[in-house]
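Inspection log for the structure reproduced underneath, given as structure tokens.
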Amino acid sequence: MYILLSLQLNFKGMISVDQLVVSFGGFELFKKVSFLINPKDRIGLIGKNGAGKSTLLKILSGLQDASSGTVVLPKDVRVGYLPQHMTVADRYSVFEETKKAFDEILSLKKEIDTINNEIATRDDYESEEYLKLITWVTELNDRYQLVGGGNLEAEIEQTLVGLGFDRSDFGRPTDEFSGGWRMRIELAKILLKKPDIFLLDESTNHLDIESIQWLENFLKNYQGAVVLVSHDRAFLDAVTNRTIEISLGKIYDYKANYSTYLELRAEHRETQLAAYKNQQKLIEDTEKFIERFRYKATKAVQVQSRAKMLEKLDRIEIEQEDNSRLNIRFQPPERSGTVVVDCKDLSKSYGSLNVLDKINLTVERGEKIAFVGKNGEGKTTLARVILDELEYDGEMKLGHNVKIGYFAQNQAQLLDESLTVFDTIDQIAVGDIRTKIRDVLGAFMFSGEDVDKKVKVLSGGERTRLAMIRLMLEPVNFLVLDEPTNHLDMRSKEMLKQALAEYAGTVLIVSHDREFLDGLVNCVYEFRKKKIRQHLGGIYDFLHRKQMESMKELDVRKVRQAVVKEEKTVVNNNQLSYEERKEVNRNLSRLEKTIVQVEESIAKLEEEIQVMDDKMANPENLSDSTIFEKYNQSKKELEAAMAQWESATEEYETLKEKKTW
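This is the structure in structure tokens:
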């Protein structure tokens, strides 16, 4: 159930979730959950698979109703929601599809053009109707500039490039791209709409490392609120400042990012366990007392009193998953030759599209290496060449006695959905392991009735774990893992990482998960522009060097731009007359004063808004409507001042180029 508050337009107040209950056939997913979302919160939703994280995002977005309780949003709050799975249209180019994010602004531009055309055809310059048109189109133009109408294409380009698209992709139809790239287009549209609150469900699953870092910076500097579900620890730590854990239908709210939350949660769990043990002792003693004196008339009142106490007792529950372990142990591998893979001048093309161009790669026994780079640069292609699944040009040799175990990106989807969990493993189990299938499944958190479930009803994380069991039972000495952590929760990823670290064979991992790769791989191969480049060391060593190279490239670019700008300035100065130079100087002086005055106004308004933000964070002040009115007015004044500052600064910089000394 949704309630829209009758507040002033554009008020960006708190979103309130109050006594939320979600029930499925007698099972309560949420048990009277309540919390607030403040305007600048960066919230990470945490919990085991099936805890209700995605359900909560759907309820906040208005796509799903709760069984009871309310979600209260301030009027006109804009929500941007990106689900895990979605269907997208294939009728437009990448650029045109992304441009749909600005439908309202484009409609405004269309109205401006219509009025301008009408004005151009009229000659009743003194009439009241003509003057009304002039006034109206001026207001519309001001509004158009205020909402960023003059910079749409630049924003679209910046966002698409940040998410990994090349400029050459802009004109390509969206149906030429994979599902992961189409998800990026939908993410770009949501980012460009600049909603008051982002709801992102596993938004990094289809992004490469560079795009994830770009999204991190975007969200960190964003002025609205963010609520996200992610199993990427590094991403959570970089973006969030608050963690909400969903456990057994309740929530636990921590004012901290994920890593700090783990420390606080451990402390909370110790306290919770102590309280649980004390309560269990109280219940046991009370039940013994009731049983002992149930039939004694002299104790009847006391027995009845204690029985009622037990009925009313709010029983403490402990998250059972905390006691389960994903115990992955890959079978001891047979020894392979020293060289596991040797590629020389290897090339691969799909028709006219060249993906890999004369690359050289040598992988030695016991190495743990990572393939990183933008999607589409050939990481999975090379992995499949090594598996001998694709034809290629050049040379690729496997070493002596190399036996490969492969986990594909879509490995979980390749499972036979008609089989049960037990039968899926029984199909491949050999020898003594056939008598221990239930024990193996239990180690992977499939216990009790879970082993009899059909694959088709399993979640993405459960399917991935099941696929990993199949791989674990194969007697191999070279593991090739393509995005193995997609859909795995935090605990599962930690256990898999530990198992791979202990594995004595050779490991090649294609992954964008920095935290998973950190401390696991000792060599990184970067895929870029049809080539590969080796970087010795861990993933963060590589990223640090990459950042330094990017900064050097940026410095060179800035120097080039400065030279071009100086050349243009010289040309412009030589063309100006004395009177023109004099006028330019006068305008520069005027604009300098204007910019200083506006900056002072902006600083004052921002200070006032911060004070009101602090007041509105206190629920006791929410009944004072004057705060909302003043807050709204100050926000409008700040937006106008920012627009004036941008306009004056832009004009100042333009005139400065023309100035002569």
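What the sequence shown shows, in my numbering, is residues 766 to 1426, in sequence order. We put the CB at the ideal spot given by N, CA and C, even for glycine.
The beta-carbon distance between GLU1248 and LYS1139, rounded to whole angstroms, is 14 Å. This is too long to meet the 8 Å contact definition. For PRO938 against SER833, the beta-carbon gap comes to about 46 Å, at or over 8 Å, which does not count as contact. The alpha-carbon separation between ARG1298 and GLU1291 amounts to approximately 5 Å. Taking C-beta atoms as the reference points, LEU1184 and LEU1147 fail to come closer than 8 Å.
ARG1071 sits away from GLU1280, with the two beta carbons spaced by 8 Å or more. Remark: C-beta atoms of THR1145 and ALA1177 do not approach each other more closely than 8 Å.
Per DSSP, the continuous alpha helix (DSSP H) segment holding ARG949 begins and ends at 944–958. ARG1034 is not a Cβ neighbour of PRO960, given a cutoff of 8 Å. For LEU957 against ALA866, the beta-carbon gap comes to about 4 Å, under 8 Å, which counts as contact. A distance below 6 Å between beta-carbons, with the five flanking residues on each side excluded, links LYS1395 to no residue of its chain.
Residues of the same chain with a CB within less than 8 Å of the CB of CYS1288, apart from the 5 flanking positions on each side, are GLU1132, LYS1133, ILE1134, ALA1135, GLN1299, HIS1300, LEU1301, GLY1302 in chain order. By the Cβ test, the region 783–797 is in contact with the region 813–825, since at least three Cβ pairs between them sit closer than 8 Å.
One Cα belongs to THR1189, the other to LEU1265, and the distance between them is close to 23 Å.
Under the DSSP definition of a beta bridge, ARG1007 partners with ILE808.
Residue burial is scored here from C-beta neighbours: GLU1357 has fewer than 16 other C-beta atoms within 10 angstroms and is therefore classed as exposed. DSSP places GLY1196 in the helix class (H, G or I) of the three-state scheme. Take ILE921, set aside five residues on each side of it, and the residues of its chain with a beta-carbon closer than 7 Å to its own are PHE860, THR863, LYS864, LEU957, in chain order. A distance below 8 Å between beta-carbons, with the five flanking residues on each side excluded, links TYR1268 to the following residues of its chain, in chain order: PHE1095, PRO1098, LEU1244.
Distance check between ILE1234 and each of GLY1213, GLU1259, GLY1207 places GLY1207 closest, using alpha-carbon atoms only.
For ASN1125, no alpha helix (DSSP H) segment is defined; the enclosing uninterrupted segment is the beta strand (DSSP E) at 1118–1129. For TYR1023, no beta strand (DSSP E) encloses it; the enclosing alpha helix (DSSP H) starts and ends at 1023–1058.
Between the alpha carbons of THR1391 and LYS796 lies a gap of roughly 35 Å.
In the DSSP secondary-structure assignment, SER833 is bridged to VAL786. The beta carbons of LEU1370 and SER1399 sit closer together than 8 Å. Three or more pairs of CB atoms, one per stretch, sit closer than 8 Å, so the region 1101–1114 contacts the region 1156–1171.
For HIS1165, the closest alpha carbon among the candidates ASN1242, VAL902, PHE1209 is that of ASN1242.
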